[in-house]
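Quick note: the sequence shown uses our numbering, first residue 3, plus one each step.
Heads up, the beta-carbon is just placed ideally off N, CA and C, and yes, glycines get one too.
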Amino acid sequence: MVKPKDFKDQLNHVSTQLSERRSVIRPISQVTLRLKSVPGRDRFAETVDNILRWMNKRAGQTLPDTAWQRQSFELTDIGAQRTAAVSLRDPIYWAARLDDADKTVPLRTWVTEIGVGVDANGDVLFGTRLICATRGVQEPPQRSIPGFVTPVITSGPVELDGIEVKRRPRFLMTERDVHKLVELLELPTRQADVLVFSLPEGSTSEIDTAASAIDVQTKLQGVAHVFVISGPASFFLTDTVGRELSVFRQAVRTYHPGFRAWIDQPSDHPLALADRIAVWGNEGPEAFVRWIVNQSLASSIQGHLREDRLPSFNTVRQLGAQAERADLRESGGSDKELLKLFEQDNEQLRSELKEQREEHDGLLATAEAERELAVQDGNAAKAKALERLHRIRILEQRLALLTDQQQTPLPDSLENFEDWCRENLVGSVELMGKAFQGVRKCEFHDPQFIYRSLLLLRDYYVPMRIEGSLDRRDAYQQALRDLQLEESPTGDGIKFASDLYSVQYGSSRRALDRHLKGSDSRDRRFGFRLYFFWDDEEQVAVVGWLPSHLDNRAS
3 MVKPKDFKDQ LNHVSTQLSE RRSVIRPISQ VTLRLKSVPG RDRFAETVDN
53 ILRWMNKRAG QTLPDTAWQR QSFELTDIGA QRTAAVSLRD PIYWAARLDD
103 ADKTVPLRTW VTEIGVGVDA NGDVLFGTRL ICATRGVQEP PQRSIPGFVT
153 PVITSGPVEL DGIEVKRRPR FLMTERDVHK LVELLELPTR QADVLVFSLP
203 EGSTSEIDTA ASAIDVQTKL QGVAHVFVIS GPASFFLTDT VGRELSVFRQ
253 AVRTYHPGFR AWIDQPSDHP LALADRIAVW GNEGPEAFVR WIVNQSLASS
303 IQGHLREDRL PSFNTVRQLG AQAERADLRE SGGSDKELLK LFEQDNEQLR
353 SELKEQREEH DGLLATAEAE RELAVQDGNA AKAKALERLH RIRILEQRLA
403 LLTDQQQTPL PDSLENFEDW CRENLVGSVE LMGKAFQGVR KCEFHDPQFI
453 YRSLLLLRDY YVPMRIEGSL DRRDAYQQAL RDLQLEESPT GDGIKFASDL
503 YSVQYGSSRR ALDRHLKGSD SRDRRFGFRL YFFWDDEEQV AVVGWLPSHL
553 DNRAS
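Set out below in structure tokens:
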């Protein structure tokens, strides 16, 4: 007798069937470029014709004559893949969509949406979005951009974020070069990642990168900005944005849009060190190239403004239908003709609504799966970090028992302040980018006092918070008295200047709710404040600003 399946098995069977019916929608990449006008050439017509030739090879059927006239068309015959275009007269805009079934993976379709328009100054605005629709459970596809993008880019001058797109990475040698780079990094309207490959100290040879910047540029042309920075130029970058946000010694850094050196954390703009690139994925630099290309393509499709930069094909088709009805009314079309047009539009809208519902559900399913994976990865990383922190604490305690505590050096200047913090505070006190910037710009008369205040947090405040014993508390209070400092709540600043009195820490914004108070002098040479908060989870004191007084309503 066959044992009936239990309820759990039945649910798993139903879940599998449902997943095979539901599309998982994965946005793959997006390219949006400005094609500069060239005297004597119609770049709009050239670009549309280039795309039509690409579509003609994949449509499964020869495109109709109306297509080659750059007019609206749609293929609906048996054997043809879904292929359509919409042409608008005012504004001049041409949009197309091609659904291309994957030739090797069943139930997988590549959806390419394209938009080409003419700007008021004669430039051509070009964009394309690649989407992968999959039914059933499958491995995520490899990210790429459509094949017609490269011919469009090489057909004439093209700009991304107002910067001309080049075939090779830009090489940064001088302080002026670095200044232009920082202008691009801080550009509020920047939409593309900036990838900076650094050279060894003293090197000015473009081939000394840890991975091939040329290969990355080739694969990301029109998607991201790729730079190679010389060893000497890295010092200029460090002086401008700080060591924590700079890149040097063959490391590679990705600067995401929205860069702000005075607020951002190093983790906001991922850094890959040379020694890790050398063994990336147990393969080395080639694997790193694939990874960073995949990351930048994924970044190109993120953000709520992606449809503002490139409207969906369905949106453009609806605009085309509205324009067609308006033209029919103006030309005196009969009620019968208008009714027929309305019926066609309604049928099209019902079809698009169903499609959008499926796409929405598919995007939700993809987002939920990615969220769960990110949460799992985050929890695993957090657990590993806490375990390592615990081991560090134990080793520090054992070392303190075996040897007398070495005297920490107190430099007479703040020239190498970031290096000193990294060497002497790690694991106990963490300084945010805004704090480093405050120190770089400060006029404080006694640099050693700044170092002593940070050592006070490391040697007395942090142990007191971790152990909580009365002896630790007394030792901390005595250390405050020795430096003539007072620790107290920050006060009204948090209420009335929350942006100033807070920092982005991890995934949340944290208030600088405590401060060490020194002199109350308003002269920046003598007044002293150190603003911080305690992170109980990681058991570190996080410093957000020093050494000057932050303004609040009272001041």
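For the pair Q83 and L100, the CB atoms are nearer than the 8 Å cut-off. At least 8 Å separates the beta-carbon of Q267 from that of M57. The alpha-carbon separation between D163 and R137 amounts to approximately 36 Å. Taken through DSSP and simplified to helix, strand or coil, Q32 comes out as strand. According to the DSSP secondary-structure assignment, E488 is paired through a beta bridge with K519. Taking a 10 Å sphere around the C-beta of F498, we find fewer than 16 other C-beta atoms and assign the residue as exposed. For Q71, the number of other beta carbons within 10 angstroms of its own is below 16, and it is reported as exposed. The Cβ atoms of L222 and V295 lie closer than 8 Å to each other. When Cβ pairs closer than 8 Å are counted between the two stretches, the stretch 232–242 is seen to touch the stretch 173–183, the count reaching three or more.
Within 10 angstroms of the beta-carbon of L472 lie fewer than 16 other beta-carbons, which makes it exposed.
Selection S236, L189 and L183 evaluated against P202 yields S236 as nearest (Cα-Cα). Under the rule that a run must span 3 or more residues, the beta strand (DSSP E) segments found entirely inside the stretch 204–243 read 227–231. Distance between Q439 and D51, taken at the CA atoms: about 52 Å.
According to DSSP, D101 shares a beta bridge with V113.
Under the three-state reduction of DSSP, V154 is assigned to helix. DSSP places V184 in the uninterrupted alpha helix (DSSP H) bounded by E177 to L187. Of the residues L456, L299 and R527, the one whose Cα lies closest to the Cα of Q144 is L299. In this structure the stretch 520–533 does not touch the stretch 276–287; the number of beta carbon pairs closer than 8 Å is below three. Taking each of G124, E141 and V113 in turn and checking the Cα distance to L132, the smallest one comes out for V113.
Take F419, set aside five residues on each side of it, and the residues of its chain with a beta-carbon closer than 6 Å to its own are V441, in chain order.
Under the criterion of beta carbons closer than 8 Å, L456 and T492 do not qualify as touching, at roughly 18 Å.
Contact check for P142 against K38 fails: the beta carbons are separated by 8 Å or more.
Residues of the same chain with a CB within less than 6 Å of the CB of L487, apart from the 5 flanking positions on each side, are L518 and G520 in chain order. By the 16-neighbour rule on beta-carbons within 10 angstroms, V126 is buried. Listed in chain order, the alpha helix (DSSP H) elements of length 4 or more contained wholly in the stretch 401–452 are 419–426 and 435–442. Remark: C-beta atoms of L552 and R531 approach each other more closely than 8 Å. Using a Cβ distance threshold of 8 Å, V33 and V151 count as a contacting pair. Within the same chain, and ignoring the five residues on either side of G204 in sequence, the residues whose Cβ sits closer than 8 Å to its Cβ are G233 and P234. A check of alpha carbon separations from E417 across P313, R43, A69 and T240 identifies T240 as the nearest. Secondary structure of S301 (DSSP, three-state): helix. Shown here for C134: same chain residues with a beta carbon closer than 7 Å to its own, the five before and five after excluded, namely R28, I30, R110, W112 and P143 in chain order. With a 10 Å radius around the Cβ and a threshold of 16 neighbouring Cβ atoms, R319 comes out buried. Of W264, K105 and R169, the smallest CA-CA separation from V184 is found for W264. The C-alpha of A543 lies about 22 Å from the C-alpha of K443.
If you look at T256, you'll find it isn't in any alpha helix (DSSP H); it sits in the beta strand (DSSP E) that goes V254 to Y257. Boundaries cannot be given for W264, as no alpha helix (DSSP H) includes it and DSSP labels it neither H nor E.
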